[in-house]
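See below for the structure under consideration.
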């Protein structure tokens, strides 16, 4: 029994596809030499940076394997190397990840966000913009602007997660403007961002306007010489901002996304009229409403208006796994004993996996669960 | 009972230069008497005398039994099928001069048709109903077509020697009119399908400027094919062919003159009406100039001069090309890649 355990541990150690990392050696893991290899995110980071960002199936995988491992892939590294060279004085550059369904766009976005977090940037992460344009249980007319609508539930949830991610910054950043919520409540100029966020979480009715205020403050302050933080805006499913919504008003007409406060403020953030950071976005067809299942290219998902608003942006294609990446994923699943049947350890089994999944990452993950 | 057989021959219109005529022979049930083809296979073999092996045929000589004579009818043996006796260099047009059903003993081809037996081949041609049911074109071999052409030649005029290439034909006769006429033996010689007239013309041969061409395309809609640049007008609303031809020519004339006229309301053409995307004055141009100004690429200066200077830069021209290509051609990997490279160069990444 002991010899078997020794043998298993040897396999564990000798597995080529894994890189263990602490936050110090994280930077060392991000180069072309490490394409296809997995690096582990520390669990503290997973709890802080991704309270709401990771795909559902990946969260289940993290719970099963008891560790969060991500593959280093070329699209993520391309954007990360550009981010390393960003100039604080220039306007924010927009990056857009696009690709087939299940090819790894959200995971690439999370990889980039983790990088920004380790570099000390302030991460403003909207995990799925589609959630803001559909299935709204409560829709209130906005107190600030009567033609717009508030979504208190979504706004409070987002504020909570924002607070978890960016704890250290909340006490450092001060507001530059006075915000009046009601006759008796207001946030004075010079109060911390943390107080603003708390105001939104406790007073649910004003949470959408608080979100707008937070975005405005961060947008105005980043890139200024006296602020020492850099802002990374990460939006998954950015095509929801310029699409259609399924929310209906009381008289059963559809609500234009522009009439939603959250979407309106996020659109303002998407413009590159602020400096000192970057905007990293992903297209998503899953969860999108009124779009064809097979569309994945930027122009067809963003539409004319969306494309013109995002223009000029850098489109980064996220393809299916290459052969090397597939090998690495296969070895990782073998190493974690996820592939149970002995047939999957043979060459024929591997060819079957390639054929069934077409090297699509999400398909491969689902199929390996049955093998 | 004589079933009417249907033939249809395409005739040439007046303006069209005569190309080779196309003959379509459609089959109905054919029974053409008087041509020597009968339903059954004619057994032309004359068997010589009675067969010596007559023990099966007759039960003894008729003179033997006396009154009770069981004279079996003399049964002639079937001879070789005609295919065995056909010379290889025979005149096939004599065997199948007109459309006829499939006759297995007259066609020297080992053809099989039908659902194959398990582990075997499809059924052979002898007694094969499938081969008889389908239409065959054995009466239209190249040799037969040649004979048809020779027969029609006395009625044709000489092809003009100066029109030896397609390009010359297009140049001198840009309008092509296509009509079909039908010949049939029946109670009425008229066929209502003969009134249809197709008129096709290449738009490059018409004298249209840019605005006129765009208006013409909007007026005709689906009748224009972008790949071949041919406008096709089909007229079938009048009862007679000549009336439809006149109407088609009238339509062409009216289209041409209308597309040259400029109405007052055409000045209100919006961006959504444009057929092609033009970058000048678009949102994309505003955005990129705005970004470059904020990046302080041009240095300090007046508004107009800065814009001119920025527009003249090579990266900006490349960006403009890539955006135009993306919007006009649609998006695929190559256009996206070109756009990405252009944006990276412009933003200096």
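Protein chains in written order, with the UniProt record's numbering: chain A, 1 to 371; chain B, 1 to 349. Backbone N, C-alpha and C fix where the C-beta goes; we use that ideal spot for every residue, glycine too.
Just the Cα atoms here: how many angstroms apart are residue i and residue j?
i: residue 311 of chain A; j: residue 284 of chain B; result: 6 Å
i: residue 164 of chain A; j: residue 49 of chain A; result: 8 Å
i: residue 205 of chain B; j: residue 171 of chain B; result: 8 Å
i: residue 232 of chain A; j: residue 253 of chain A; result: 36 Å
i: residue 364 of chain A; j: residue 271 of chain A; result: 37 Å
i: residue 325 of chain B; j: residue 333 of chain B; result: 12 Å
i: residue 216 of chain A; j: residue 227 of chain B; result: 52 Å
i: residue 353 of chain A; j: residue 368 of chain A; result: 8 Å
i: residue 74 of chain A; j: residue 83 of chain A; result: 14 Å
i: residue 346 of chain B; j: residue 308 of chain B; result: 16 Å
i: residue 379 of chain A; j: residue 277 of chain B; result: With chain A running from 1 to 371 in the structure shown, residue 379 of chain A is simply not present.
i: residue 254 of chain B; j: residue 268 of chain B; result: 24 Å
i: residue 317 of chain B; j: residue 237 of chain B; result: 52 Å
i: residue 358 of chain A; j: residue 38 of chain A; result: 21 Å
i: residue 121 of chain A; j: residue 193 of chain A; result: 16 Å
i: residue 188 of chain A; j: residue 89 of chain A; result: 29 Å
i: residue 130 of chain B; j: residue 232 of chain B; result: 41 Å
i: residue 104 of chain A; j: residue 176 of chain A; result: 39 Å
i: residue 220 of chain A; j: residue 287 of chain B; result: 20 Å
i: residue 142 of chain B; j: residue 78 of chain B; result: 33 Å
i: residue 351 of chain A; j: residue 66 of chain A; result: 28 Å
i: residue 26 of chain B; j: residue 179 of chain B; result: Bear in mind that the predicted position of residue 26 of chain B carries a pLDDT of just 43, short of 50, making it unreliable; the figure below should be weighed with that in mind. So the two alpha carbons sit approximately 18 Å from each other.
i: residue 32 of chain A; j: residue 328 of chain B; result: 36 Å
i: residue 94 of chain B; j: residue 215 of chain B; result: 58 Å
i: residue 315 of chain B; j: residue 322 of chain B; result: 10 Å
i: residue 63 of chain A; j: residue 54 of chain A; result: 12 Å
i: residue 87 of chain A; j: residue 347 of chain A; result: 49 Å
Can you name, in chain order, every residue of its own chain whose Cβ lies under 6 Å from the Cβ of residue i, other than the five neighbours on each side?
i: residue 394 of chain A; result: What is shown of chain A runs 1 to 371, which leaves residue 394 of chain A out entirely.
i: residue 70 of chain A; result: 111
i: residue 245 of chain A; result: 133, 255, 257
i: residue 249 of chain B; result: none
i: residue 140 of chain A; result: 150
Taking Cβ to Cβ, would you say residue i is nearer than 8 Å to residue j?
i: residue 211 of chain A; j: residue 152 of chain A; result: no
i: residue 155 of chain A; j: residue 207 of chain A; result: yes
i: residue 197 of chain B; j: residue 177 of chain B; result: yes
i: residue 296 of chain A; j: residue 100 of chain A; result: yes
i: residue 260 of chain A; j: residue 149 of chain A; result: yes
i: residue 35 of chain A; j: residue 72 of chain A; result: yes
i: residue 174 of chain A; j: residue 146 of chain A; result: no
i: residue 222 of chain A; j: residue 274 of chain A; result: yes
i: residue 344 of chain B; j: residue 314 of chain A; result: yes
i: residue 203 of chain B; j: residue 190 of chain B; result: no
i: residue 76 of chain B; j: residue 106 of chain B; result: no
i: residue 340 of chain B; j: residue 279 of chain B; result: no
i: residue 292 of chain B; j: residue 310 of chain B; result: yes
i: residue 228 of chain A; j: residue 144 of chain A; result: no
i: residue 218 of chain A; j: residue 124 of chain A; result: yes
i: residue 247 of chain B; j: residue 235 of chain B; result: yes
Can you tell me the Cβ-Cβ gap for residue i and residue j, rounded? I've got them flagged as a contact below 8 Å.
i: residue 133 of chain A; j: residue 263 of chain A; result: 7 Å
i: residue 214 of chain A; j: residue 196 of chain A; result: 6 Å
i: residue 79 of chain A; j: residue 235 of chain A; result: Going by Cβ atoms, the distance from residue 79 of chain A to residue 235 of chain A rounds to 14 Å, so no, they are not a contact pair.
i: residue 298 of chain A; j: residue 266 of chain B; result: Not confirmed; about 34 Å, so no contact.
i: residue 318 of chain A; j: residue 98 of chain A; result: 7 Å
i: residue 247 of chain A; j: residue 136 of chain A; result: 5 Å
i: residue 68 of chain A; j: residue 40 of chain A; result: 7 Å
i: residue 93 of chain A; j: residue 349 of chain B; result: 7 Å
i: residue 351 of chain B; j: residue 241 of chain B; result: The requested residue 351 of chain B is not part of the displayed model; chain B covers only 1 to 349.
i: residue 109 of chain A; j: residue 291 of chain A; result: About 19 Å; that fails the 8 Å criterion.
i: residue 294 of chain B; j: residue 91 of chain A; result: 5 Å
i: residue 74 of chain B; j: residue 139 of chain B; result: 37 Å between Cβ atoms; not a contact.
Quick one: what's got a C-beta closer than 8 Å to residue i's C-beta in the same chain, skipping five residues either side?
i: residue 130 of chain A; result: 237, 240, 284, 287, 288, 289
i: residue 186 of chain A; result: 178, 179, 180
Might you give, ordered along the chain, the residues of its own chain that have their beta carbon closer than 7 Å to the beta carbon of residue i, omitting 5 neighbours on each side?
i: residue 32 of chain B; result: Annotation note: pLDDT 47 at residue 32 of chain B (below 50); position unreliable, no value reported.
i: residue 112 of chain B; result: 121, 122, 123, 124, 125
i: residue 161 of chain A; result: 51, 52
i: residue 182 of chain B; result: 8, 191, 193, 194
i: residue 92 of chain B; result: 141, 143
*chain A contacts made by the region 320-332 of chain B, where a contact means CB separation under 9 Å*: 323, 326, 327, 330, 331, 332
*Using Cβ-Cβ distances below 8 Å, what residues of the region 291-302 of chain A are close to chain B?*
297, 298, 299, 300
*Name, going along the chain, the residues of the region 283-296 of chain B whose beta-carbon falls closer than 7 Å to a beta-carbon of chain A.*
283, 284, 287, 288, 291, 294, 295
*Name, going along the chain, the residues of the region 75-100 of chain A whose beta-carbon falls closer than 7 Å to a beta-carbon of chain B.*
82, 90, 91, 93
_Short of 7 Å Cβ to Cβ, which residues in the region 182-204 of chain B face chain A?_
none
*asked:* By the 9 Å beta-carbon criterion, what residues does the region 337-349 of chain B contribute toward chain A?
replied: 337, 339, 340, 342, 343, 344, 346, 347, 348, 349
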